[in-house]
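Structure first, commentary second.
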Amino acid sequence: MNDMNSDPTIHIRRSHLGRARGLGAAKSGLHHWWAQRVTAVALMPLSLYFVISVLMLSGASRAAMAGFMSEPWNAVLYLCLIAALFYHLALGLQTVIEDYVHNDAVRMGSLLVVKGVIVFCALASAVSVLKLAL
Amino acid sequence: MKDVRDALMVGRNTDGKLVNRPISPFMLGSAYKPQMSSMTSIMHRITGVALGLGTLLLTLWLVCAASGDNAFSIIQAFLASWLGLLILFGFTAALFYHFCNGIRHLAWDAGKGFELPVMHNTGRLVIAATIILTVAFWAAGLYFW
Numbered sequence: 019m020n021d022m023n024s025d026p027t028i029h030i031r032r033s034h035l036g037r038a039r040g041l042g043a044a045k046s047g048l049h050h051w052w053a054q055r056v057t058a059v060a061l062m063p064l065s066l067y068f069v070i071s072v073l074m075l076s077g078a079s080r081a082a083m084a085g086f087m088s089e090p091w092n093a094v095l096y097l098c099l100i101a102a103l104f105y106h107l108a109l110g111l112q113t114v115i116e117d118y119v120h121n122d123a124v125r126m127g128s129l130l131v132v133k134g135v136i137v138f139c140a141l142a143s144a145v146s147v148l149k150l151a152l
Numbered sequence: 020m021k022d023v024r025d026a027l028m029v030g031r032n033t034d035g036k037l038v039n040r041p042i043s044p045f046m047l048g049s050a051y052k053p054q055m056s057s058m059t060s061i062m063h064r065i066t067g068v069a070l071g072l073g074t075l076l077l078t079l080w081l082v083c084a085a086s087g088d089n090a091f092s093i094i095q096a097f098l099a100s101w102l103g104l105l106i107l108f109g110f111t112a113a114l115f116y117h118f119c120n121g122i123r124h125l126a127w128d129a130g131k132g133f134e135l136p137v138m139h140n141t142g143r144l145v146i147a148a149t150i151i152l153t154v155a156f157w158a159a160g161l162y163f164w
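As given, the protein sequences belong to chains F and R, one line each in that order. Going by our numbering, the first sequence opens with residue 19, and the numbers climb by one from there. Going by our numbering, the second sequence opens with residue 20, and the numbers climb by one from there.
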C-alpha cells in the first residue's frame with residue numbers, strides 16, 4: 019500500500035463520502051465482536067474446569083482418562099470447551115492477522131490456513147473425546 | 020498513489036500537513052513509551068497466540084489418548100520431560116494471564132474501569148493474580164502428581 023518514506027499526497031480527487039463508500043461497515047463486524055465476548059464468558063467457567071481436570075489427570079493412565087471421559091458430564095463439558103475454545107481462537111487469530119498482515123494476498127492466505135487448521139483440530143479433539151467417552 | 024484505499028491512509032496532522040496514518044502496531048514504535056496500558060494489551064495478544072499454539076498440544080493429547088496405549092504413553096512421557104514441563108508451565112502462565120486480563124477487557128466492554136488510576140491498579144492486579152494462580156497450579160500439580 020503506502021510507501022511510508024515518501025511524502026504523503028492525495029492525487030485522487032474524490033469526496034470523503036466517495037472514498038468511504040463501500041469501505042465502511044462490513045456488515046459483519048458486530049457479530050465477530052459479540053461472538054468473541056460470548057465465547058470469552060463461556061470460557062471463564064470452562065477453562066477453570068479444564069485446568070482442574072488436567073490437574074486430576076496429570077500422570078494418569080489411558081484407562082483412567084477413558085474412565086474420566088466416560089462420565090457424561092465430563093465428555094459434554096469437554097465438547098463445550100472445544101467448541102468455545104476453538105471458536106474464540108479463530109476469532110482472536112483473525113483479529114491479529116487482520117491487524118498486522120498488510121498484504122492482501124498474504125492476509126487472505128494466512129486467514130484460510132489458520133481457519134482450516136482450527137476446524138481440523140477442533141474436529142480431531144471432539145472425535146477423540148467421543149471415542150474415549152463411548 | 021494508485022488506489023482509493025491509499026487515499027484513506029493519508030490524513031492531516033494538527034498543523035494541517037498531509038501525513039501517512041500510522042499502521043498497527045504503531046503503539047510499540049518510537050512514538051510511545053512502554054506503559055501499563057500498551058504492555059498489558061500486547062501481552063494479551065501474545066498470550067492469546069501462545070495459547071493457540073498450546074491448543075495444538077491439547078489436540079495432540081486428546082488424539083493420542085483416543086488412539087491407543089502406545090501413542091498415549093509417548094505424549095505423557097513427552098509432557099513429563101523437562102521440555103514438556105517447560106511448555107506446560109508457559110501454557111498455564113499464558114492461560115492465567117489471558118483469563119485475568121480477559122475479565123479486565125470484559126469490564127471495559129461494560130464501560131467500567133477506564134480511569135487511569137483504576138486501569139493501572141487492575142493491570143498490576145492481573146500480573147499479581149497470574150503469578151499467584153500459576154504458582155498455586157504447579158504446587159497443586161506437584162502435590163497430586
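Even glycine gets a Cβ: it sits at the ideal position worked out from N, Cα and C.
For Leu-75/R, the closest of Met-74/F, Leu-150/F, Cys-139/F by C-alpha to C-alpha distance is Cys-139/F.
Among the CB atoms of chain R, none fall inside 7 angstroms of the CB of Arg-125/F. Annotation: Ala-148/R has no Cβ neighbours in chain F at a cutoff of 8 angstroms; minimum Cβ distance is about 13 angstroms. Listed along the chain, the chain R residues whose CB falls inside 8 angstroms of the CB of Val-69/F are Thr-111, Leu-114, Phe-156.
Check the Cα spacing between Asp-128/R and each of Leu-66/F, Ala-102/F, Tyr-96/F, Val-56/F: the tightest is with Val-56/F.
Exclusion of the five residues before and after Ile-100/F leaves Ala-140, Ser-143, Ala-144, Val-147 as the residues of its chain whose Cβ lies within less than 8 angstroms of its Cβ.
Residue state for Leu-152/F is assigned as coil, using DSSP reduced to three classes. In chain order, Ile-42 make up the part of chain R whose C-beta sits under 8 angstroms from the C-beta of His-120/F. Not flagged as an interface residue toward chain F: Phe-133/R, since no C-beta distance is shorter than 7 angstroms.
Going by DSSP, Gly-30/R is part of the beta strand (DSSP E) stretching over 29-31.
At a cut-off of 7 angstroms, the C-beta of Thr-78/R has a neighbouring C-beta in chain F. Using a CB distance below 7 angstroms, the part of the segment 132-150 of chain F facing chain R consists of Cys-139, Ala-142, Ser-143, Ser-146, Val-147, Lys-149, Leu-150, ordered along the chain.
For Asn-121/F, the three-state secondary structure derived from DSSP is coil. Proximity of chain R to Leu-64/F at the Cβ level (cut-off 9 angstroms) is not reached, the minimal Cβ distance being about 11 angstroms. Excluding its 5 nearest sequence neighbours in each direction, Arg-31/R has C-beta neighbours in its own chain below 8 angstroms: Leu-37, Val-38, listed in chain order.
Just measuring C-alpha positions, the residue of Thr-66/R, Gly-73/R, Gly-132/R sitting nearest Ile-136/F is Gly-73/R. Boundaries of the alpha helix (DSSP H) around Ala-69/R: 55-86.
As computed with DSSP, Leu-37/R is found in a beta bridge with Arg-31/R. Listed along the chain, the chain F residues whose CB falls inside 7 angstroms of the CB of Asp-128/R are Arg-55. If you draw a straight line from the Cα of Leu-109/F to the Cα of Ala-90/R, it comes to about 31 angstroms. Contact annotation for Phe-97/R against chain F: no contact, minimum CB-CB distance about 13 angstroms [criterion: below 7 angstroms]. In this structure, Met-138/R and Ser-86/R do not form a Cβ contact; the two beta carbons are roughly 47 angstroms apart against a cut-off of 8 angstroms. The beta-carbon separation of Ala-84/R and Arg-80/F, rounded to 6 angstroms, stays under the 8 angstroms limit for a contact.
Within the segment 102-119 of chain F, those residues whose Cβ lies closer than 8 angstroms to any Cβ of chain R are, in chain order, Leu-103, Phe-104, Leu-107, Gly-110, Leu-111, Val-114, Asp-117, Tyr-118.
Taken in chain order, the segment 51-91 of chain F contains no complete beta strand (DSSP E) segment of 3 residues or longer.
Residue nearest to Ile-146/R within the set Val-29/R, Leu-79/R, Gly-160/R, Asn-120/R is Asn-120/R (criterion: CA-CA distance).
Of all alpha-carbon atoms in Gly-142/R, Ala-155/R, Ala-158/R, the one lying nearest the alpha-carbon of Gln-54/R is that of Gly-142/R. Under the 10 Å beta carbon count, Ser-65/F is surrounded by 16 or more other beta carbons and is classified as buried.
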